Each structure stands twice: as structure tokens, then as C-alpha cells.
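Single-structure report; data block below.
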Amino acid sequence: MTDPSTPPVPPAGVPAVPASPSEILGTPPDPRDEGPRHPETLMRIPDSRVAQELVFDPAHAWYGQSYRASEPSFGDPVLAAAWHAARRCAMDTVLTALAGSPWADKLVLRGSVMLRAWLGEAAREPGDLDFVAVPRTWKVGDPATQVMLTSIPRLVAEESDRRNRGGVVFAAQWARSDEIWTYDRAPGRRLVLPWSAPGIPGGLVQLDFVFEETLHVEPEPSAIPLAGGGTAVLLAATPELSLGWKIIWLLTDLFPEGKDLYDAVLLAEWMPLPLPRDLMGLLIADLEDAQYYADVDLDEIRRACDDVDWRGFAADYPGLAVDQEDLVRRLLAALAPTFGAEQPG
Numbered sequence: 004m005t006d007p008s009t010p011p012v013p014p015a016g017v018p019a020v021p022a023s024p025s026e027i028l029g030t031p032p033d034p035r036d037e038g039p040r041h042p043e044t045l046m047r048i049p050d051s052r053v054a055q056e057l058v059f060d061p062a063h064a065w066y067g068q069s070y071r072a073s074e075p076s077f078g079d080p081v082l083a084a085a086w087h088a089a090r091r092c093a094m095d096t097v098l099t100a101l102a103g104s105p106w107a108d109k110l111v112l113r114g115s116v117m118l119r120a121w122l123g124e125a126a127r128e129p130g131d132l133d134f135v136a137v138p139r140t141w142k143v144g145d146p147a148t149q150v151m152l153t154s155i156p157r158l159v160a161e162e163s164d165r166r167n168r169g170g171v172v173f174a175a176q177w178a179r180s181d182e183i184w185t186y187d188r189a190p191g192r193r194l195v196l197p198w199s200a201p202g203i204p205g206g207l208v209q210l211d212f213v214f215e216e217t218l219h220v221e222p223e224p225s226a227i228p229l230a231g232g233g234t235a236v237l238l239a240a241t242p243e244l245s246l247g248w249k250i251i252w253l254l255t256d257l258f259p260e261g262k263d264l265y266d267a268v269l270l271a272e273w274m275p276l277p278l279p280r281d282l283m284g285l286l287i288a289d290l291e292d293a294q295y296y297a298d299v300d301l302d303e304i305r306r307a308c309d310d311v312d313w314r315g316f317a318a319d320y321p322g323l324a325v326d327q328e329d330l331v332r333r334l335l336a337a338l339a340p341t342f343g344a345e346q347p348g
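When you number the sequence shown by the working numbering, it's gap-free, plus one each residue, and the end is 348.
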């Protein structure tokens, strides 16, 4: 178990994950190996043209080595542009496959893909997909969960064979999954889907699924713009619920994340405020220590933002010229109508 006082720094001796036989991505460590256990979904791109850091991942905080690979960086801007274009094709493939699958009405999309759909280029580049499984009675240990995790890689591979977006190919046999948020938030599973494309390093699309999460605002069918044109229609969380979650996570997570602060600022400045107080009340009531947060105010939000882990966000998005203190100031100003205070000067 990690020390709860501070996010751990990856030890210098953690090796790169070895290359897979298909040379698409690294394979996860063998669980039979001695030593601290990595998440099975920890994969790094085995290509000398790519640099990645190991950064702390609070979703895996219960592992002995609770890390994930950061967003890749490239010394060659042409290669970087080609790789990001290929990843957008890969994301398009996964979204399209899910929209046409039996799981389309059982998964509610939230997170960075929705922010990009609402806010365009102002939002950070989506690197993964986040879903809430519905109905709430669907538990992570139910047989349907394993059926879903087994079928999605096959559906995505079939979609990539049909459409061949940008030459991106998925290898279903290299999909990996493991548990997330075992001791924090709602329980969940992570699924990573490796992809390859001609002439560039491969990559992966990460899908996170959480279970037993209450949706206090009904999800809405949303047409998600695809990078290659057209849309994929999926159920999605609303902007107000998305902002409410971001605030709750900043307040309550043991290791609040920089991406949640960044996203909360963009949402709070974009959407009409104040948030419905009954919505925040319902979200707070879901917490085990709800009584502690019953009278949350801007000062408490400010203190929570002081604990944000900025290192992982900076590693993922080095091109975003943002200052943590400025983000906190902007968030407090935007949330003042919701939490009943004058905007700070």
C-alpha cells in the first residue's frame, strides 16, 4: 500500500516493460515474478523515438507499484503529429465500435472526450475513455462485466478491420484489464487496447469503467464528433453532473489530480452557473463522510486544490501553458455563485 501522505516518486530501478512479440506495445509484467506487483495494464511504447515517464496513478493506489505511463513525447514534431493523428483514428474506431455494440445503452461516457465535444480545442486532448456502467445495480463482480471486457476488444478489432482508419489496426489478443479504485471512489475495471499503424510507434486506448455510481442527472444521447468526420452516438453525462463530480473528486480524493482541476476550471467558466444546490447536495450525500462536506465552501475548495498532484498532469500535457495557482483562482471565481460568496478579487 502506498504512503497516503504524498504520491510516490517512481524508483529509478523500475524497468521499461519488455516489447511484445507483435512489437505493438510492451507486455505487462508476469504476475508470477517476484517483487512489487505492477498493474497488468501498465504498458509503455517500446520505441526509441518515444519518451514516457512513469507517473503515480491514484486509480491503482492499492498496487505495490501504482504507476502508469505518461503521455508519450517525441523529439520529432512531424512524428508527433502523425502519432497523435493515428491515436485520434484509434479513438474514433473504439467510439464507433461501442456505439454500434450491445453495450451502447449500458455505458455512460464522461471525462475528456465529452469536454472536447463541448469545448473543442480548449479542452485537453483525450487520451482515454471513461464510462459509468448502468444500471447502478450492475456490480463489478457480475458475470456481465467479464463478458463486456472480453467482447469489446473483439468488437474494436472487427471495426478496425472494416474501416481501416489511418491504417490503425487493433490486436484484440493483446488487450489487458485490471481493477481500479478498489479502495476509493466507485469500484471499477480498466481495459487497455493496443493499436499499431504503419511507420509510427504504436499506442493504446485506455477505457475505464466504474460501477455502482449513482447518476443524479439522467444521461443524454450525445453525438460525439469523430476526428475523421461524422459522429458516434453514445449516452453521456451532462455538463452540470460532470462539473459536480470534478468538484467532489477535488474535495475527497486522497490524491486529487491536476486534470480534474484543469477540467473543472474549463467547465465552470463555460457553463451557466450556479450549479443546482440540490445536485451538489445529492453528490455529497453519496459520500461516506457526507456530514463533513455538508457545508463546503470556497475556502475548503481552495485548501483541497492545494493538494493537487501536478506532476502527472505536467508530464502528460507539457505543451499546456497553465499555472496551478491561476487555475485555482479562476475556479474559485467561477464557483462563487454556486457556493454563495462574493467573487474573490
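Where a beta carbon is used, it is the ideal one built from N, C-alpha and C, also for glycine.
Bear in mind that the values here come from a model prediction, so they are computed numbers and not experimental data.
Inspect the beta-carbon positions of E182 and G191 and report whether they are closer than 9 Å.
On the sequence shown, position 179 is the one that residue 182 refers to. On the sequence shown, position 188 is the one that residue 191 refers to. For E182 and G191, yes; Cβs fall inside 9 Å.
With H, G and I counted as helix, E and B as strand and the rest as coil, what does DSSP make of I48?
Start at 1 with the first residue of the sequence shown, and residue 48 comes out as number 45. In the three-state reduction of the DSSP assignment, I48 falls in the coil class, being assigned neither a helical nor a strand state.
In whole angstroms, give me the CA-to-CA distance for V331 and E161.
Within the sequence shown, the letter at position 328 stands for residue 331. Within the sequence shown, the letter at position 158 stands for residue 161. Annotation: V331 to E161 spans about 44 Å, alpha carbon to alpha carbon.
What residue does the beta strand (DSSP E) around L57 start on, and which one ends it?
If you number the sequence shown from 1, residue 57 lands on position 54. DSSP places L57 in the uninterrupted beta strand (DSSP E) bounded by 57–59.
So, is R139 buried or exposed, given that buried needs 16 or more other C-beta atoms within 10 angstroms?
Start at 1 with the first residue of the sequence shown, and residue 139 comes out as number 136. With fewer than 16 other Cβ atoms within 10 Å, it is exposed.
Does the separation of the CB atoms of L229 and T148 fall below 9 Å?
Residue mapping note: residue 229 aligns to position 226 of the sequence shown, counting from 1. Residue mapping note: residue 148 aligns to position 145 of the sequence shown, counting from 1. No, the pair does not count as a contact, with Cβ atoms beyond the cut-off.
Nearest by alpha-carbon distance to R215: which of L269, L132, D145 is it?
Numbered from its first residue, the sequence shown carries residue 215 at position 212. Checking the sequence, you will find Glu at residue 215 rather than Arg. Measuring from the Cα of E215, the nearest candidate turns out to be D145.
Applying the 10 Å Cβ sphere with the 16-neighbour rule, what's the burial state of L196?
In the sequence shown, residue 196 corresponds to position 193, counting from 1. The C-beta of L196 has 16 or more other C-beta atoms within 10 Å across all chains shown, which makes the residue buried.
Pick helix, strand or coil for A226, following the three-state DSSP scheme.
For the purposes of this step, residue 226 is identified with residue 223 of the sequence shown, where counting begins at 1. Here A226 sits in strand by DSSP.
Compare the C-alpha of G261 against each of P61, E221, E223 and name the closest.
One-based indexing of the sequence shown puts residue 261 at position 258. Selected option, being the one with the closest Cα: P61.
Which residue marks the beginning of the alpha helix (DSSP H) containing P156, and which one marks its end?
By one-based count along the sequence shown, residue 156 stands at place 153. Per DSSP, P156 belongs to the alpha helix (DSSP H) from 146–166.
Between G315 and P222, what straight-line distance do the alpha-carbon atoms span, to the nearest angstrom?
Mapped onto the sequence shown, residue 315 falls at position 312. Mapped onto the sequence shown, residue 222 falls at position 219. Looking at the two C-alpha atoms, the distance is approximately 30 Å.
Pairwise C-alpha distance: S180 and H41:
Walking along the sequence shown from the start, residue 41 turns up at place 38. Walking along the sequence shown from the start, residue 180 turns up at place 177. Going by C-alpha positions, H41 is about 12 Å away from S180.
Beta carbon of L264, beta carbon of L253: below 9 Å?
Residue 264 sits at position 261 when you count from the first residue of the sequence shown. Residue 253 sits at position 250 when you count from the first residue of the sequence shown. If you check the CB distance, L264 and L253 come in under 9 Å.
With a Cβ-Cβ cutoff of 9 Å, do W3 and S154 count as a contact?
Outside the displayed range of the chain (4 to 348) lies residue 3, so it cannot be described from this structure.
DSSP state of V299, grouped into three classes?
Taking the first residue of the sequence shown as 1, we reach residue 299 at position 296. Coil.
Can you list, in chain order, the residues of its chain with a C-beta nearer than 7 Å to that of L246? Leave out the 5 residues immediately preceding and following it.
For the purposes of this step, residue 246 is taken as residue 243 along the sequence shown, with counting starting at 1. For L246, where only same-chain residues beyond five positions count, the Cβ hits under 7 Å are A267, L270, A271, M274, L278.
What are the partner residues of S180, as DSSP defines its beta bridges?
Locating residue 180 in the sequence shown gives position 177, counting from the first residue. Paired residue(s): L194.
Check the C-beta distance from L323 over to R127 and give it rounded, since I have them as a contact under 8 Å.
Counted from its first residue, the sequence shown places residue 323 at position 320. Counted from its first residue, the sequence shown places residue 127 at position 124. The Cβ separation is near 7 Å, so the contact holds.
Cα-Cα separation between M46 and A72, rounded to whole angstroms:
To locate residue 46, count along the sequence shown from 1; it is residue 43. To locate residue 72, count along the sequence shown from 1; it is residue 69. Roughly 7 Å separates the two Cα atoms.
Return the residue from the list A318, D310, D319, R306 that minimises the CA-CA distance to L335.
As a working note, residue 335 is residue 332 in the sequence shown. Out of A318, D310, D319, R306, R306 has the C-alpha closest to the C-alpha of L335.
Euclidean distance between Cα positions of V53 and G78:
Within the sequence shown, numbered from 1, the residue matching residue 53 stands at position 50. Within the sequence shown, numbered from 1, the residue matching residue 78 stands at position 75. If you take the alpha carbons of V53 and G78, they lie about 8 Å apart.
Roughly how many angstroms lie between the CA atoms of L2 and L210, to the nearest whole one?
Any property of residue 2 remains undetermined from this structure, which presents the chain solely from 4 to 348.
L290 versus D164 - alpha carbon distance
Within the sequence shown, numbered from 1, the residue matching residue 290 stands at position 287. Within the sequence shown, numbered from 1, the residue matching residue 164 stands at position 161. Their Cα atoms are separated by approximately 44 Å.
V116 and L132 - do their beta-carbons sit closer together than 9 Å?
In the sequence shown, counting from the first residue as 1, residue 132 sits at position 129. In the sequence shown, counting from the first residue as 1, residue 116 sits at position 113. Yes. Within cutoff.
Tell me, which residues are paired with A235 by DSSP?
As a first step, residue 235 is located in the sequence shown; it is residue number 232 there, counting from the start. A235 is bridged to I227.
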